[in-house]
Every structure is written in structure tokens, then in C-alpha cells.
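Undergrad:
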Amino acid sequence: MHLLSLGYPQEVAAKFMQELETFENEPEYRIGIWRVLARAATSPDERESWVSRIKEAFLDEGGSDRLHASETLAKLNEVIAPENRSAYLDAAGKGDGPFEAFTRCLLIHSGESEQETALANLLGTSDERTRQCAAYALRHVDSVTPDTLQRLKTTWEAESEDSLAKVYLLGSLYRHSAEDANTVELKAELLRYAQTGDKGQKYEAIAVLGGFGNESDLTVLVSLLDDPEVDIRVGAAHAILRIERRIPHSLALLDWIAIIGYACVMLGVGWYYSRRTKTAEEYMLGGRHMRPLIVGFSMFATLLSTLSYLAIPGEMIKHGPMILSQYAIYPVTFLVIGYILIPSIMRTRVTSAYEILEIQLGLSVRMLGSIFFLSLRFLWMALIIYATSSKILVPLMNWDQSMVPVVCVAMGIVTVAYTSMGGIRAVIITDVIQTFILFGGAFLTLSIITVKMGGVSQWFPQAWDTTWDPPKIMYDPAARLTVMGAMTSSAIWYICTAGSDQVAIQRYLSTRDAQAARRVMLTSLCTDVLTGTFLGLLGLALWSYFQVNPHMLPDAYQTLQSADTLFPRFIALGLPAGVSGLVVAGLLAAAMSSLDSSINSIATIVTVDLLRRHLAPLRDDRYYLRAGRWIATGAACLIYLAALKTIDDELYEAAD
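When the letters of the sequence shown are read in order and numbered with the numbering used here, they come out as residues 8 to 663.
1) For Ala45, name the three-state secondary structure that DSSP assigns.
2) What separation, rounded to the nearest whole angstrom, lies between the Cα atoms of Ala702 and Thr29?
3) Anyone know if the C-beta pair for Thr49 and Thr572 falls short of 8 Å?
4) If I'm right that Ala650 touches Ala318 with Cβ under 8 Å, what's the distance once you round it to whole angstroms?
5) Of the choices Val227, Cys533 and Ile363, whose alpha-carbon is the least far from that of Phe341?
6) Label Glu322 either buried or exposed according to how many other C-beta atoms from any shown protein chain fall within 10 Å of its C-beta, with 16 as the threshold for buried.
7) So, under 8 Å CB-CB, Arg295 and Leu516 are touching, yes? Tell me the CB distance rounded to an integer number of Å.
8) Pull up the distance between the alpha-carbon of Asp134 and that of Val241, whole angstroms please.
9) Tell me the rounded alpha-carbon separation between Leu198 and Tyr647.
10) At the level of alpha carbons, what is the spacing between Leu11 and Met329?
11) Which runs of the alpha helix (DSSP H), 4 residues or longer, sit entirely within the region 195 to 270?
12) Determine whether the Cβ of Thr611 lies closer than 8 Å to any Cβ atom of chain C.
13) When the Cα atoms are used, what is the spatial distance from Phe467 to Gly447?
14) Hey, would you say Ser427 sits closer than 8 Å to Cys415, going by beta carbons?
15) Assuming Ala324 is part of the alpha helix (DSSP H), what are its boundary residues?
16) So what's Asp663 in DSSP terms, helix, strand or just coil?
17) Output yes or no for whether 8 Å exceeds the beta carbon distance between Ala144 and Leu126.
18) At what residues does the alpha helix (DSSP H) containing Ile363 begin and finish?
19) Measuring only the C-alpha atoms, how far is Asp201 from Arg136?
20) Would you mind stating whether Leu80 and Gly104 have Cβ atoms separated by less than 8 Å?
21) How about the region 137 to 157 and the region 112 to 126: do they share at least three Cβ pairs that are nearer than 8 Å?
22) Which of helix, strand or coil does DSSP assign to Ala20?
23) Using a threshold of 8 Å, state whether the C-beta atoms of Leu589 and Ala259 are closer than that.
24) When the Cα of Glu362 is compared with those of Asn556, Gly102, Gly585 and Gln509, which residue comes out closest?
25) Is the separation between the beta-carbon of Lys209 and that of Ile254 shorter than 8 Å?
26) Determine the DSSP secondary structure at Lys479, reduced to helix, strand or coil.
27) Do you know how far the Cα of Leu580 is from the Cα of Thr313?
28) Decide if the region 292 to 309 is in contact with the region 484 to 502; the criterion is three or more beta carbon pairs, one per stretch, under 8 Å apart.
29) In angstroms, rounded to a whole number, what distance separates the CA positions of Met354 and Val272?
30) I'd like to confirm something about Ala511: is its beta-carbon nearer than 7 Å to some heavy atom of the ligand COA, or not?
31) Suppose you measure from the CA of Asp233 to the CA of Ser551; what does that come to, to the nearest Å?
32) Going straight from the alpha carbon of Gly293 to that of Val434, what length do you get?
33) Distance check for His326 and Leu542, CA to CA, integer angstroms please.
34) Using a Cβ-Cβ cut-off of 6 Å (strictly less than) and excluding sequence neighbours within five positions of Pro16, which residues of its own chain qualify?
35) If you drop the 5 nearest sequence neighbours on each side, which residues of the same chain put their C-beta closer than 7 Å to that of Val527?
36) In terms of residues, what are the limits of the alpha helix (DSSP H) holding Trp57?
Structure, rendered in C-alpha cells:
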């Protein structure tokens, strides 16, 4: 199990399949074999096939290995379906103390949080073995109530020194007292047990230190590598390897120079174009004569957020190349957008996309469309800011979550400054720069992995992996993704976005005519295909790299479990100083390219649809230019306040 928990499954399954042939009918030992095979499974179906055997042993009231089955299900963090829980609830009340402890732990994992009280009550029994198992089970629960924590403390203090349950109570108490002032005292006790306890006490103390200790414990653990007991040596080695994976890594000085340099370039572009923007039309549409190539790059960067930038490699790692099939529909998408939607839009010569609605359907529909756009963009931008800061940048830089507001504000100041100063020209030019930075970051990462692994052939898969979604062409409601499903959803999303979103339509309107606007769309689609395919290849490279180097995975994670975090993990651990900073700049670029375009589009909509149309009509052009800049600044401030004050993890998960 130690090898599996560290990400080294090689030959484990084959070895235990041989064991199963010999001991398939051996009570208790067979449960351990099934547990190993469940952990080594490469697909949910394979895992379930072994877990179902353990469940059968659990539900066999006359079986001799029910206790082992209950303990194993709890250790596997198995979740019992609601319709099947009654049998487990009944079993918990009928078994002996240890069996009840593990069964109630299993039910807690399954969402029955009220079982914690019953599990904690077992700490008060007179049977030492029951107290030991209850404490052990509580250590495997994610969190406990203050009442349960107090019961653990009281029971530990009252437990006799020669009781094996005492170290288990200590381990559970330490695991759930991370923020308690007495943690230092508890740690000292654990280290004492690890050094001077008997075999059972040492092993439990080592296991707790491996799961929840830190660098300061390595000296003691290293000394235990010479212990005469092989189990202690193995446990100490396992604990050392786990702690090493939790050692924090920070960006180097060269990385910060690269990040600060990127921010300065963005501000410089904004300042430069602020001096060249004289009219409201130049601020909002760049004078309608911007080059299609750079506008196309801008449109691509705008539609690619940081979450998408990281999600494509993660999707490729976890589910395979099926996601790339969405690009096959792009020629049809281009024909629909380029020859049906774009000519209609360009004939109107509007500034706001929703002026088109007024022409066709009246003022009220135009205002409704504008309000919908503003509401959606405010929420979407707040989510992007929060998710980029909280879920990506702060963990990547190994900062505490209390730094999230600081990161949000810093990112916001830079984005607002160059966007409000330079208008659409600054936005488009910075988007082009950001396109090359985010693509360059991916290219550098892939190149470094290729060099480290000895060539493309070392990371490119030779066959379709069993963990990936099986390739399916036609629609299938039972399949997560099919070729037709990916193509259809991609076409619908792109056509809807390109034909109704101010961010996209504003890009067309910043060019001379329909032909130039078509080139914008063609450039955007081609760049999307190139970058998406490249990020997909990066996902394959990361997948192979971490399979060969599982010691670089986060503690208690497997390659597939941490698919979405492998790219940031490699940025932190696998890239040279300076290069990490460039790739972090790429992550910032992916976020800021979406934010700056949205801020500018919001300023355009408010200025044209609300201010010029209703609140302050017939003013001179300089008035609307100044208003646009102030609206961009004000909108950005509101968005960042929303990100800081109202966005929480549940909202993030809902949007995801």
C-alpha cells in the first residue's frame, strides 16, 4: 500500500493477482488483497469490481472477516449509496466495538455526519481495543466537531501510559488540532513515541507524522531508518517521502523579475495608447481600422481564460484526446460566422452589439440584452479573478489564503490601469502580447519536459490508455463525451458567442469591413486550434512525466487525481528559475486578456447604451471619452470588490 500511496503502481497489481490465486478463499488476508487491487485499479469499473467483493464480505453476517471488510471500506474512503445505507446502519448497531467504529467511519465518509457522535461515544467504553479503533477511525475523518475534539483530549489524558490506545488517541487528537495552541506539546509526545515506544506505538506515531508532520520531524524519522524492525524502517521511509512532498517551494528572484517585467510592459502599452486616443470611437473601436491579424489574436486571448488554459492539459491527462475532436467542426463554424453573421453585423456600423437588437426589435429588447450582458460579465469576471487568485496563483506561490485579496488587488490595478488608459487599442495590443506569452509558456514547458525525458517518443503514448474515455463517434447518453457531442457543443458555443457577445462583436467592429472581420475570426479559430492542440500535447507530456517522477506529485495524490494541478505543480518544481516566472506570467496573461476585454466592453455598453442613449445624450465626443475611462475604472473596482467579498468556494464550484 505504501508504494501505491506514493504513486508507484508498477508490478503491484500483477503481484497481488498471483497472491489472490493462492489465497482467494483465505478469510481476512483476501480482504487485504482486494484492498490493494482496488487501490491499484486503473478505471472506476475495475475498482468497483474489487470493492464489491469487500462489500459482500461486510454484508455476510456469518463471515469471519467482516471486521477487516469494514476497516478496509473506511480506509478506501468508500461512499455507500443512500439507498444501500440502511444495511450498514443496521450492521453498525449489531457488531462489536471495533466493527462499529469502522462502520460508523464508513458512514461518515458516505455523508452521514450525525454518525460522528456515535463514533465519539465509543471513546468512553471500557474496552481498550474499542477505544483504539474509535480513535483510529476518527483520525481518518476529515474534520470533527469541537465536542468530539474535547472528548479525544479528555480520553487521551485519562488513558494509562501502557495502553496502546493512548498513542492512537494522541494521533487523532494531533491530526484534528492543527490550529490548537497545544499542537507543540502533542507533537513532542508523538516524537517521543516514535523514538522510545514499542513497535505498535512507534508505527502509529510514524504514520501520523507521515500524514501530518513537517520538515522539523525528518531528523527523527531518518534515525528510524536504522531500526531493527523492518516495519518501522518501511514506515519511516514512507513518512519521509510523504513529508518531502509537502515541503513548500517558492518562486525565485528571477521569476519575480519576469513577472514584474510583464506587468511593466502591460502598463507601458496602456500609457502609450492613452496619448494616442483622442475620440470615443478610437477608445471603443480603435477608429475601425485595426489590423485583422492582431485583432484575431486578441479575440482568441479574450476567449481563453486561465481556467481553460489549465483545464485542457488536465482534461487530456484524465480523459484522453477526445476533447480535441471539437476542433473538427471549426471549418463549418467559420463559414456560418464569417459568411452569415459577420456581414449582417458589419452592415449596421454600430458601436454596441445590442444596438442591433433595437434596430430589429425595439429599445426595450436592446436594454434587456445590455443588462443581461453586464450581469453575466460582472459575475464571470469576479469568478475568473477569484479562481485565478485563490485556486491557482496563491497555491502556486505557496502563500496563505489570506493573500488572496492582495493578489486580486495587484492583478486588478495593473489590468484596470492599462485598460482604462488606452482603451480598445491597448487591450488588443496587450492581448497579442499575452497570446505569445501564454503560448510561449506552454512551449517552454513542453520543451523542458521533452529534454528531461529524452525525446518526444518518451512521453507520447503508444496506445489508447485504459483510463481514458473510450472513443465514440455518435451521440451516446451513457458516454461522458463523444465526437459528435464535442463538435456540436463547440459549434453552438462559438456561434452564440461570436454572434451575440459584445466582446466578440466589438472585435469585428474595430476593423474596416466584413472581409477584415472574417480574417479576425479565421485568425482566432486557427490560433485556438494550434494552442488547444499544443496544450493537449502538454497534457500528455505532463502525464508521462509524473508517471516517471511520482515523487513530484502532491502528498496523497495520484496522477489522475491531481490532473488539473499537474501543470502548476510542474511550474513550481520542474522549471528553472526565471522560466517559472515566464510561465506564471502566461497564467496571468490568460486571466488578464479576458478581464481587460470584458472591462472595455462593459465601458462601451454603459457609455453607448445607457449614457449616450438615455442619461447624457447629445454631449461632445470628449465627454464620452472621459466617461468611458471612468466607467472602465469604476466597473473594474466593482468587479474586484465582488471577487473579494461575495465569491466563495460553492459559487466557484457551481460555475465550474
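Each residue gets a CB set at the ideal place from its N, CA and C atoms; glycine is no exception. Note that the structure is predicted; figures quoted are calculated from it, not measured.
TA: The relevant details are as follows:
1) In the three-state reduction of the DSSP assignment, Ala45 falls in the helix class.
2) The structure shown does not extend to residue 702, since the chain is modelled only from 8 to 663, so the question has no answer here.
3) With contacts defined as CB atoms closer than 8 Å, Thr49 and Thr572 fail to qualify as a contacting pair.
4) Rounded, the Cβ-Cβ distance is 20 Å, inconsistent with contact.
5) Relative to the Cα of Phe341, the nearest Cα in the group Val227, Cys533 and Ile363 belongs to Cys533.
6) Under this definition Glu322 is a buried residue.
7) With 8 Å as the limit, Arg295 and Leu516 qualify as a contact, their Cβ atoms being about 7 Å apart.
8) Computed Cα separation, rounded: 30 Å.
9) Between Leu198 and Tyr647, the alpha-carbon positions lie close to 46 Å from each other.
10) Distance between the alpha carbons of Leu11 and Met329: 28 Å.
11) The qualifying runs are 206 to 219, 225 to 230 and 237 to 253.
12) This model lacks chain C altogether; it includes just one protein chain.
13) The alpha-carbon atoms of Phe467 and Gly447 are separated by roughly 20 Å.
14) No. Outside cutoff.
15) Sequence inspection shows Ile at residue 324; the Ala mentioned does not correspond to that position. Bounds of the alpha helix (DSSP H) holding Ile324 are Thr313 to His326.
16) Note on Asp663: pLDDT 42, under 50, position unreliable in the model; no value is reported.
17) Yes. Within cutoff.
18) That run of the alpha helix (DSSP H) goes Glu362 to Leu368.
19) One point to set straight first is that residue 201 is Ala, not Asp, in the sequence displayed. Roughly 21 Å between the two C-alpha positions.
20) For Leu80 and Gly104, no; Cβs fall outside 8 Å.
21) Touching, yes, given that three or more Cβ pairs across the two stretches are closer than 8 Å.
22) Correct three-state label for Ala20: helix.
23) Not a contact, by the Cβ cut-off of 8 Å.
24) Of the residues Asn556, Gly102, Gly585 and Gln509, the one whose Cα lies closest to the Cα of Glu362 is Gln509.
25) Taking 8 Å as the Cβ cut-off, Lys209 and Ile254 do not qualify as a contacting pair.
26) Looking at Lys479 - three-state DSSP - the assignment turns out to be coil, as it is neither helix nor strand.
27) One C-alpha to the other measures close to 20 Å.
28) No, the region 292 to 309 is not in contact with the region 484 to 502.
29) A small fix is needed here, since residue 354 is Arg in this sequence, not Met. One C-alpha to the other measures close to 36 Å.
30) As presented, the structure is devoid of all ligands, the ligand COA included, so that no description of it is given.
31) Taking the Cα positions, Asp233 is about 34 Å away from Ser551.
32) The alpha-carbon separation between Gly293 and Val434 amounts to approximately 10 Å.
33) Their Cα atoms are separated by approximately 14 Å.
34) So the qualifying residues of the chain are Ala47.
35) If the five residues before and after Val527 are omitted, its C-beta is found closer than 7 Å to the C-beta atoms of Pro299, Val302, Gly303, Met306, Arg514, Tyr515 and Thr518, all from its own chain and listed in chain order.
36) That run of the alpha helix (DSSP H) goes Pro51 to Leu66.
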